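Residue numbers (our numbering): 3 to 491.
Every residue, glycine too, gets a C-beta built ideally from N, C-alpha and C.
Predicted model, so just to flag it, every value in this text is computed and none were measured.
As structure tokens, the structure follows; a few thoughts come after it.
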Ligand SMILES: Nc1ncnc2c1ncn2[C@@H]1O[C@H](COP(=O)(O)OP(=O)(O)OP(=O)(O)O)[C@@H](O)[C@H]1O
Ligand SMILES: [Mg+2]
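See the structure below:
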């Protein structure tokens, strides 16, 4: 990444009339700008609603400039060249007069060297201004600086407390990565908090920081930190091995510089077989924030807006990296509907471009159960690292799933015969097994007795699994997957 001042210099050389900087770190930005202006001999003016327009290093403000409109009028007519920085002017952009004044100043830019820089935590420029504006971003803190800060804070804590801090070394790379890219002040505050919170440095700190980053912005992604792990999933043995082999490299790509960083998997399969559960469990096992992309929330009736929303969401995932991006029920977001004016086609285009170009550590887990609705481009080699097919659980896996769900409900699975239950539930999905246990618990409650093997057996006998009711759909899906996917078990 080019450093801030060369970036700033380049924008000044390119003579953009308007610059925009979205940041919470106003003082840091001003500290970086001032020396560049100084070197180039550009007079620097700073406006705020509280103080009006002032030349930097001077105390007096220009007469009658506390109102944004008045300040702009002044800049419009003044013969004084310079960089005019407006702090927190974003609330005033909804007034047409202000937008017009800014436009006039920018029209005149080729003759008179007055550059406007708007600095706000968040600022959406009106389109007519956005066309002549450039963004000036504060570069975030780099990993080596994070490590240095971490060490400083650690040393100071240990000196103060006369003991060493308990550190889970596995999570340090995660912690450094989560903090990298933030502002320096913010980074320092978060590190301090992490160390002082409980005199330990552990996964909770990483999670807190991930949550903090998420709270910073209104989001199209819903973030959770799942507690389920792959141990809570019965079967999926191939997927588990696959994930295990890749975990270390994903967390620290430097371990294997020649290897591509794992990008993601698609789990295709029958209903209720645990695809969504597996997606959550991968995040839980890898201790990554899980960002769920809700395709429904992206849709917007204005042309172009839906793709823009998707792009924003994907960029956001990039900023949250390392993380797991979960696209649940992918076919619903991408189905080639007939009457959608090509939105799904453009959504797909946006997604494919991002998938092939991104270099951030965002691991995708996509799930789907209706392959006929999935666009073939997405399934081509190289998009996902692997396509896994999730079929109904086999006998031994059903037994495991019974055990998992009995234990989960605080019932000793030893008191039951899970092997018999498994044998009786041919054709059941994991979800149906879980439902049978829940229904049996209700039956036991109604009988006023403890849950017994017989209750569950009765529920199994009563259930007609989906694989029977919709046998043809299941067959079709299997036939399709055999050609194209790796089985998950
Ligand atoms: N292999 C499994 N191991 C343990 N529990 C399972 C398994 N499969 C399903 N379950 C149970 O069933 C619930 C529902 O499964 P899940 O929603 O993950 O299925 P799915 O494959 O995503 O289904 P759908 O295609 O309908 O979205 C899970 O939350 C879990 O409790
Ligand atoms: Mg699901």
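Around the Cβ of residue 158, a 10 Å sphere holds fewer than 16 other Cβ atoms; the residue is exposed. With a threshold of 6 angstroms, the Cβ atom of residue 431 does not count as near ligand 2, since no heavy atom of the ligand is closer than that. By the CB criterion at 7 angstroms, residue 288 and residue 316 fall outside the cutoff. A distance criterion of 6 angstroms places the beta-carbon of residue 283 beyond contact range of ligand 1, judged by its closest non-hydrogen atom. DSSP places residue 58 outside any alpha helix (DSSP H), giving it a letter other than H or E. In this structure, the straight-line span from the alpha carbon of residue 441 to that of residue 280 is close to 23 angstroms. Around residue 248, the same chain offers 264 as residues with beta carbons nearer than 6 angstroms, after the five sequence neighbours per side are excluded. For residue 226, the uninterrupted beta strand (DSSP E) run begins and ends at 223-226, by DSSP. Residue burial is scored here from C-beta neighbours: residue 407 has at least 16 other C-beta atoms within 10 angstroms and is therefore classed as buried. If you ignore the 5 residues before and after residue 116, its C-beta comes within less than 7 angstroms of the C-beta of 77, 83, 84, 86, 107, all in its own chain and listed in chain order.
As the crow flies, the alpha-carbon of residue 382 is around 15 angstroms from that of residue 333.
Beta-carbon to beta-carbon, residue 336 and residue 377 are separated by about 6 angstroms, close enough to satisfy the 8 angstroms threshold. Sixteen is the threshold: since fewer than 16 other Cβ atoms of the shown chains lie within 10 Å of the Cβ of residue 109, the residue is exposed. If you check the C-beta of residue 292 against ligand 1, you find no heavy atom less than 6 angstroms away. The C-beta separation of residue 368 from residue 329 comes to about 4 angstroms, placing the pair in contact by the 8 angstroms criterion. Not one heavy atom of ligand 1 falls within 6 angstroms of the beta-carbon of residue 50. Ordered along the chain, residues surrounding ligand 2 are 277, 278, 330, 331, 369 [Cβ under 7 angstroms from any heavy atom]. Beta-bridge analysis with DSSP links residue 444 to no other residue.
Taking C-beta separations shorter than 8 angstroms and ignoring five residues to either side along the sequence, the partners of residue 409 in its chain run 415, following chain order. Rounded to the nearest whole angstrom, the C-alpha separation of residue 173 and residue 384 is 30 angstroms. Per DSSP, residue 137 is one residue of the beta strand (DSSP E) stretching across 135-137.
The three-state reading of DSSP puts residue 229 in coil, since its state is none of H, G, I, E or B. Within the same chain, Cβ atoms closer than 8 angstroms to the Cβ of residue 275 are found at 392, 393, 394, 395, 431, 432, 433, the five residues on either side in sequence being excluded. Given a length threshold of 4 residues, each whole run of the alpha helix (DSSP H) inside the segment 260-341 is given here in chain order: 277-288, 297-300, 307-322, 332-336. For residue 391, the enclosing beta strand (DSSP E) begins and ends at 388-392. Here residue 203 carries a strand assignment [DSSP, helix/strand/coil].
Separation of residue 464 and residue 272 (C-alpha to C-alpha, rounded to the nearest whole angstrom) is 21 angstroms. Here residue 126 carries a coil assignment [DSSP, helix/strand/coil]. In this structure residue 453 touches residue 413 by the C-beta definition: roughly 6 angstroms separates them, less than 8 angstroms. In this structure residue 208 is buried. Its beta-carbon is surrounded by 16 or more other beta-carbon atoms within 10 angstroms. Short note on residue 275: C-beta closer than 6 angstroms to some heavy atom of ligand 1.
A Cβ-Cβ distance of about 7 angstroms is found for the pair residue 138 and residue 119, placing them in contact under the 8 angstroms criterion. In the DSSP assignment, residue 351 falls within the alpha helix (DSSP H) that extends over 345-359. 48 is the residue among 147, 478, 194, 48 whose C-alpha sits nearest the C-alpha of residue 63. Between residue 319 and residue 293, the gap from beta carbon to beta carbon is short of 7 angstroms. Considering only 59, 445, 105, 127, the residue with the shortest C-alpha distance to residue 460 is 445.
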